[in-house]
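In short: position in the sequence shown from 1, add 13, done, that's our numbering.
Cβ atoms here follow ideal geometry from the backbone N, Cα and C, with glycine treated the same way.
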Amino acid sequence: MIELRRITEENFEKCISLSLKEEQSKYIASNAYSLSQAYAIQNDGINFPMPYAVYKNNEMIGFIMAEYQPIDSSDPDDDEDIYYLSRLMIDKRYQGNGYGKVAMNKMVELVKTYPFGKAEAFILCVSKENEIAYALYKSIGFIDTGNIDDDGDQICRLDI
Ligand SMILES: CC(C)(COP(=O)(O)OP(=O)(O)OC[C@H]1O[C@@H](n2cnc3c(N)ncnc32)[C@H](O)[C@@H]1OP(=O)(O)O)[C@@H](O)C(=O)NCCC(=O)NCCS
14 MIELRRITEE NFEKCISLSL KEEQSKYIAS NAYSLSQAYA IQNDGINFPM PYAVYKNNEM
74 IGFIMAEYQP IDSSDPDDDE DIYYLSRLMI DKRYQGNGYG KVAMNKMVEL VKTYPFGKAE
134 AFILCVSKEN EIAYALYKSI GFIDTGNIDD DGDQICRLDI
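Right, here's the structure in full:
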């Protein structure tokens, strides 16, 4: 059974120790960076981080993080309350077994409960070169908007 569990004092070191195939590291920040970022932004009133460890039974196999981003009134281009997927990784030992897809579906279910507030969409950015991730997101209903972000990644959207 795959489930998302909160990051705690008991499991954060395990989360930091998870690893990817060497060629995948360019697609995602390290888990140590992501947990530091989640800590740093938690009280900024702009981003509301939702970092979770992915477990298969009692074994941690991955990490997933979303953020609630309500409209920033100081940004004239920001006109939508959204949830944003900032990270998804499955440790290299456990990839290719469907776990990433289940974990992502669990995050979609969670986001649809609007844990931090109402939103219109779940957004993510992914490099088209990252074929596995791109296919995964499409297979669960994300639409490639055709727009790209500052890093040249495709902006994908799921209405929620
Ligand atoms: C992306 C990632 C999380 C996928 O995790 P995973 O558990 O290996 O993926 P899954 O086994 O659940 O596969 C899910 C989907 O990916 C696609 N996929 C899997 N292997 C694939 C391959 N070799 N080629 C193309 N697509 C593939 C399929 O669409 C599959 O869905 P399907 O079961 O309907 O065919 C994992 O590869 C990873 O951690 N990558 C490095 C970090 C990263 O790039 N994160 C995304 C940043 S945007």
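Separation of TYR96 from CYS138, as counted between CA atoms: Locating residue 138 in the sequence shown gives position 125, counting from the first residue. Locating residue 96 in the sequence shown gives position 83, counting from the first residue. Going by the C-alpha atoms only, they are around 12 Å apart.
Quick one: give me the first and last residue of the beta strand (DSSP E) that LEU98 is part of. For the purposes of this step, residue 98 is identified with residue 85 of the sequence shown, where counting begins at 1. That run of the beta strand (DSSP E) goes 95 to 103.
When you measure from the CB of GLY111 to every non-hydrogen atom of ligand 1, does any distance come out below 7 Å? Taking the sequence shown and counting its residues from 1, the one referred to as residue 111 is at position 98. GLY111 Cβ: within cutoff of ligand 1.
Where the alpha helix (DSSP H) containing ASN118 begins and where it ends: If you number the sequence shown from 1, residue 118 lands on position 105. ASN118 -> alpha helix (DSSP H) spans 112 to 124.
How is ASN160 classed by DSSP in three states: helix, strand or coil? Here the question's residue 160 lines up with position 147 in the sequence shown. Here ASN160 sits in strand by DSSP.
Under three-state DSSP, which class holds ALA134? Taking the first residue of the sequence shown as position 1, residue 134 is located at position 121. Residue state, collapsed to three classes: strand.
Is MET102 close to ligand 1? I mean its beta-carbon at under 7 Å from any heavy atom of the ligand. Taking the first residue of the sequence shown as position 1, residue 102 is located at position 89. Result yes, Cβ under 7 Å from ligand 1.
Spell out the partners DSSP gives ASP172 in its beta bridges. Start at 1 with the first residue of the sequence shown, and residue 172 comes out as number 159. Beta-bridge pairing links ASP172 to ALA134.
Under 7 Å from any heavy atom of ligand 1, does the C-beta of GLU22 make it? Here residue 22 is taken as the residue at index 9 of the sequence shown, counted from 1. No, Cβ of GLU22 sits at least 7 Å from all heavy atoms of ligand 1.
Counting along the chain, where does the alpha helix (DSSP H) carrying GLU16 start and finish? Within the sequence shown, numbered from 1, the residue matching residue 16 stands at position 3. Run containing GLU16: none in the alpha helix (DSSP H); it sits in the beta strand (DSSP E), 15 to 19.
Determine the extent of the beta strand (DSSP E) in which GLN50 is found, giving its start and end residues. Numbered from 1 along the sequence shown, position 37 holds the residue referred to as residue 50. Note, GLN50: premise wrong, no beta strand (DSSP E); alpha helix (DSSP H) at 44 to 54.
Let me check you understand the geometry: is the CB of ASN118 closer than 7 Å to at least one non-hydrogen atom of ligand 1? Within the sequence shown, numbered from 1, the residue matching residue 118 stands at position 105. The answer is no for ASN118.
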